[in-house]
Amino acid sequence: STFKVVLCGAVLARVDAGDEQLERKIHYREQDMVDYSPVSEKHLADGMTVGELGAAAITMSDNSAANLLLATVGGPAGLTAFLRQIGDNVTRLDRWETELNEALPGDARDTTTPASMATTLRKLLTSQRLSA
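Below is the structure:
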């Protein structure tokens, strides 16, 4: 689930650009839920804000929260485009939770390298790329 921190970086970049608000409430339904969603499953009736979904995805690895946020950035292709925009030409996301957890030998989907992830995390965490 290392993609979740990059996903939250993409969401924060959208907040910085004025294309998203951390306080925006996202409502979802039971059919939006996937396995291991310990926070988001408790908020089916009232929904969660973008900021709350980000916190759930990062601190609890909430898979439904990640999928809901992933939809706000254009899905897996949108997150991969964000990665290319910040200079990561290796990391890619092709599928949604929980399908992305299936790994087959030689399958390039949903992959990165340690060096690429470390460089991307450094850019997100130590550069002036994000204000939040």
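For the sequence shown, UniProt numbering assigns the number 1 to the initial residue and increments by one for each residue that follows.
C-beta atoms are modelled at their ideal positions from N, C-alpha and C, and glycine is treated no differently.
Just so it is clear, the structure is predicted and the values come from calculations on it, not from any experiment.
With DSSP collapsed to three states, give me the class of Ile58.
Note: Ile58 maps to helix in three-state DSSP.
Determine the DSSP secondary structure at Met117, reduced to helix, strand or coil.
Met117 falls in the helix class under three-state DSSP.
From Glu102 to Thr113, what distance separates their C-alpha atoms?
Roughly 17 Å between the two C-alpha positions.
Compare the Cα-Cα distances from Glu99 to each of Val73, Asn67, Ile86 and Asn89 and report the closest residue.
Scanning Val73, Asn67, Ile86 and Asn89 for the CA closest to the CA of Glu99 turns up Asn67.
Does DSSP classify Thr112 as helix, strand or coil?
Per DSSP, reduced to three states, the secondary structure at Thr112 is coil, with no helix or strand assignment.
Would Ala115 be called buried (16 or more neighbouring beta carbons within 10 Å of its own) or exposed?
Of the other Cβ atoms in all chains shown, fewer than 16 fall within 10 Å of the Cβ of Ala115; this residue is therefore exposed.
Does the distance from the C-beta atom of Ser1 to that of Ser40 stay below 8 Å?
Contact: no.
Is Gln85 near Val50, with beta carbons less than 8 Å apart?
At a Cβ-Cβ threshold of 8 Å, Gln85 and Val50 do not count as neighbours.
Residue interval of the alpha helix (DSSP H) (run including Leu79):
First-last of the alpha helix (DSSP H) with Leu79: Gly75 to Gln85.
Give the range of the alpha helix (DSSP H) segment to which Lys42 is assigned.
For Lys42, no alpha helix (DSSP H) segment is defined, and its DSSP state is neither H nor E.
Do the CB positions of Val11 and Thr72 come within less than 8 Å of each other?
A contact, by the Cβ cut-off of 8 Å.
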